[in-house]
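> Residues 713 to 949 in this note's numbering are what the sequence shown spells out, letter by letter.
Ideal Cβ placement from N, Cα and C applies to all residues, glycine included.
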Amino acid sequence: MPDPSAAASAPTATTTAYEPTSRTVPTRAAERAAYDRETVHAILDDGYVCHLGFVRDGAPVVLPTLYARVGERLYVHGSTGSRPLRTAGRREADPGLAVCLTVTHVDGLVLARSAFHHSLNYRSVVVHGTARQVTDPAERSAALDALVDHVVPGRAADSRRANAKELAATAVLRLDLEEVSAKIRTGGPNDDPEDLELPHWSGVVPVSRTYGAPIPADDLAPSVPLPTYLAAGCSTG
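#1: Among all the DSSP beta bridges, which residues are the ones paired with residue 791?
#2: To the nearest angstrom, how far is it from the Cα of residue 720 to the Cα of residue 850?
#3: Rounded to whole angstroms, how far is the Cβ of residue 822 from the Cβ of residue 901, which I believe are closer than 8 Å?
#4: Helix, strand or coil, according to DSSP, for residue 846 in the structure here?
#5: Using the Cα positions of residue 861 and residue 869, report the straight-line distance between them to the nearest angstrom.
#6: By the DSSP assignment, the beta strand (DSSP E) with residue 779 in it spans what residues?
#7: To the nearest angstrom, how far is it from the Cα of residue 866 to the Cα of residue 941?
#8: Between residue 772 and the rest of its own chain, which residues show a CB-CB distance below 7 Å, the 5 nearest in sequence each way excluded?
#9: DSSP beta-bridge partners for residue 891?
#10: For residue 899, write down the residues that DSSP places opposite it in a beta bridge.
#11: Along the beta strand (DSSP E) that carries residue 921, what are the first and last residues, could you check?
#12: Which class does residue 763 belong to by DSSP, given the choice of helix, strand or coil?
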């Protein structure tokens with residue numbers, strides 16, 4: 713399996729935090745923002761699906777898609793049937809595709825005494841930048857392995873690699889982590905003092921992710937054992 717860390721020209725971190733910009737400083741609840749790489753990476757590594765936003769023919773488009781982080785770079789999976797994804801920075805002279813990528817986890821439902829103060833406990837990351845299609849064969853192969861292993865670590869080596877037809881139908885974009893911010897809310901409701909005596913329950917309903925027992929495919933041969941990486945329970949990398 714190719715080493716994803718060997719992806720061509722992969723950027724490396726030079727500081728412990730991302731530099732805030734006018735696009736990454738929240739206009740509301742700025743105290744919840746975080747820019748340190750450890751926090752940003754942890755939020756990204758704990759998710760499966762990102763939402764990729766861009767402008768197509770003058771109108772906004774947001775696509776949910778798989779992603780994987782390799783160092784200071786995100787790889788995003790898409791279809792070559794999407795013209796913006798297919799042509800994004802395919803040649804050096806191309807400007808690439810201006811995008812905004814988001815990842816969000818919901819950790820709790822925050823129920824306040826007043827409707828106005830209901831909220832969510834969450835962890836989110838927003839990335840602004842220019843996405844470019846991966847055309848180098850070695851980087852492309854490593855990126856596809858990273859995408860599979862991000863969902864279930866070890867799975868890339870335990871599955872058939874994409875053939876030429878499948879590769880032709882798959883677009884892989886890379887987005888460097890440069891203009892990045894995280895935002896996190898924790899804790900209980902922020903009720904107004906005058907509402908504290910109201911007879912309404914307030915508090916937090918925790919939300920967590922769980923995995924069920926693996927269900928074999930109907931046509932799976934009984935002789936094929938459950939992989940060790942699943943027998944120990946699914947987990948994110």
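With the structure as the only source:
#1: For the purposes of this step, residue 791 is identified with residue 79 of the sequence shown, where counting begins at 1. DSSP lists 882 as partners of residue 791.
#2: Translated into positions along the sequence shown, residue 720 becomes position 8. Translated into positions along the sequence shown, residue 850 becomes position 138. With a pLDDT of 49 at residue 720, under the threshold of 50, the modelled position of that residue is not reliable, and no figure is offered here.
#3: Locating residue 822 in the sequence shown gives position 110, counting from the first residue. Locating residue 901 in the sequence shown gives position 189, counting from the first residue. Going by Cβ atoms, the distance from residue 822 to residue 901 rounds to 5 Å, so yes, they are a contact pair.
#4: Within the sequence shown, residue 846 is the residue found at index 134, counting from 1. DSSP places residue 846 in coil when its eight states are reduced to three.
#5: Along the sequence shown, read from residue 1 onward, the residue named residue 861 stands at position 149. Along the sequence shown, read from residue 1 onward, the residue named residue 869 stands at position 157. So the alpha carbons of these two residues sit roughly 9 Å apart.
#6: Here the question's residue 779 lines up with position 67 in the sequence shown. Counting along the chain, the beta strand (DSSP E) containing residue 779 begins and ends at 771–782.
#7: To locate residue 866, count along the sequence shown from 1; it is residue 154. To locate residue 941, count along the sequence shown from 1; it is residue 229. Those two C-alpha atoms are separated by around 7 Å.
#8: Translated into positions along the sequence shown, residue 772 becomes position 60. Within the same chain, residue 772 has close Cβ partners 765.
#9: By one-based count along the sequence shown, residue 891 stands at place 179. In DSSP, residue 891 forms a bridge with 840.
#10: Residue mapping note: residue 899 aligns to position 187 of the sequence shown, counting from 1. Per DSSP, none; premise fails for residue 899.
#11: Locating residue 921 in the sequence shown gives position 209, counting from the first residue. Residue 921 -> no beta strand (DSSP E), and no H or E assigned at all.
#12: Mapped onto the sequence shown, residue 763 falls at position 51. Strand.
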